[in-house]
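Each protein sequence line maps, in turn, to chains B and F. Take the first sequence: its letters are residues 2 to 114, numbered as in the working numbering. Take the second sequence: its letters are residues 195 to 310, numbered as in the working numbering. We put the CB at the ideal spot given by N, CA and C, even for glycine. Notes for the one structure printed next.
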Amino acid sequence: AQSVTQLGSHVSVSEGALVLLRCNYSSSVPPYLFWYVQYPNQGLQLLLKYTSAATLVKGINGFEAEFKKSETSFHLTKPSAHMSDAAEYFCAVSVTSGSRLTFGEGTQLTVNP
Amino acid sequence: GAGVSQSPSNKVTEKGKDVELRCDPISGHTALYWYRQRLGQGLEFLIYFQGNSAPDKSGLPSDRFSAERTGESVSTLTIQRTQQEDSAVYLCASSRGGLAGVNEQFFGPGTRLTVL
C-alpha cells in the first residue's frame, strides 16, 4: 500500500519569498508522484508529475519538485511567491500510470503582501 | 474542449434520504474515478472504472454507496440512506486510461453534499 505525508497543514510566506511545501511518500514499488493545486471554489489542477524520466520536474506557474528516492520525498518549490499562488496544494502517489491516486491531507499556502 | 462536469454543484438533503451525483467525463477518456473530500482533509478514493473491466470498488466506505457507469461516458454515484458523516465534496476525475505514458487525471469542480 502507498501513503503520502504532507508536513505542515498551513504554510505562510511573504510575497517574493521562497515557497517550500513538503511531501514524503511510502510505496512498495517505484511510484508515480503528482502535485495538484486547488484554488478557492475550483477543482484540482495538475501542477506537475514525476514519471521516472527526470528527478527534477518543472511544472506550471514556476513550480518545480525534486524526486529524492533516498529520502522518499517529493518537495514542491517556487523561488518567488506571488499573491496568486495562495491555494491548497495536494501531493499524491499512484503505483501504476492509471491507477487511483492516494492523496496527502493538503497544505494551505498563504502569501502575505 | 470541455472538461469534466459534475451535477449538481450543491446538494442539501435530509438524513435518511437517497442522493444521486452525476459525472460527465472528458470525451474519449476511458478511466473514471470518484473521490471524497471531507472538510479540512485530503481526498479519499472511492471507486475506479476502466473501460469494460470490473470496477475497483475498494474505496467505497459502506454498502450504502454504489456507482454505475454507462459505457465510457456518464457515471452516477448513489448514496442511500444518507448520514451526516456523508457530508463532503464528491469529486470525479477522468483520464485517457491505457498503459502507455502517465495518465493524468482531470478533475471536475465537485458536488458539495450537505446532510442535515
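Check                                                                                                                                               : Outcome
Pick from B:Asn-62, B:Leu-19 and B:Pro-31: whose alpha carbon is nearest that of B:Ser-85?                                                          : B:Asn-62
Which residues does DSSP pair with F:Ala-261 in a beta bridge?                                                                                      : F:Leu-271
So which residues on chain B does F:Phe-243 lean against when the C-beta distance must stay under 8 Å?                                              : None at all; the shortest Cβ gap to chain B is about 11 Å.
When the Cα of F:Gly-236 is compared with those of B:Pro-32, B:Phe-104 and B:Thr-111, which residue comes out closest?                              : B:Phe-104
Between the C-alpha atoms of F:Arg-275 and F:Val-206, what's the straight-line distance to the nearest angstrom?                                    : 14 Å
Rounded C-beta distance between F:Ser-201 and F:Arg-216? I'm assuming under 8 Å.                                                                    : 5 Å
Would you call B:Gly-99 buried or exposed, if buried means 16 or more other Cβ atoms sit within 10 Å of its Cβ?                                     : buried
CA-CA distance, B:Thr-52 and B:Leu-34?                                                                                                              : 7 Å
Should B:Asn-42 go down as buried or exposed, given a rule of 16 or more other Cβ atoms within 10 Å for buried?                                     : exposed
If you drop the 5 nearest sequence neighbours on each side, which residues of the same chain put their C-beta closer than 6 Å to that of B:Leu-102? : Ala-93 and Ser-95
Have a look at B:Leu-110 and B:Leu-77 and give me their C-alpha separation to the nearest angstrom.                                                 : 12 Å
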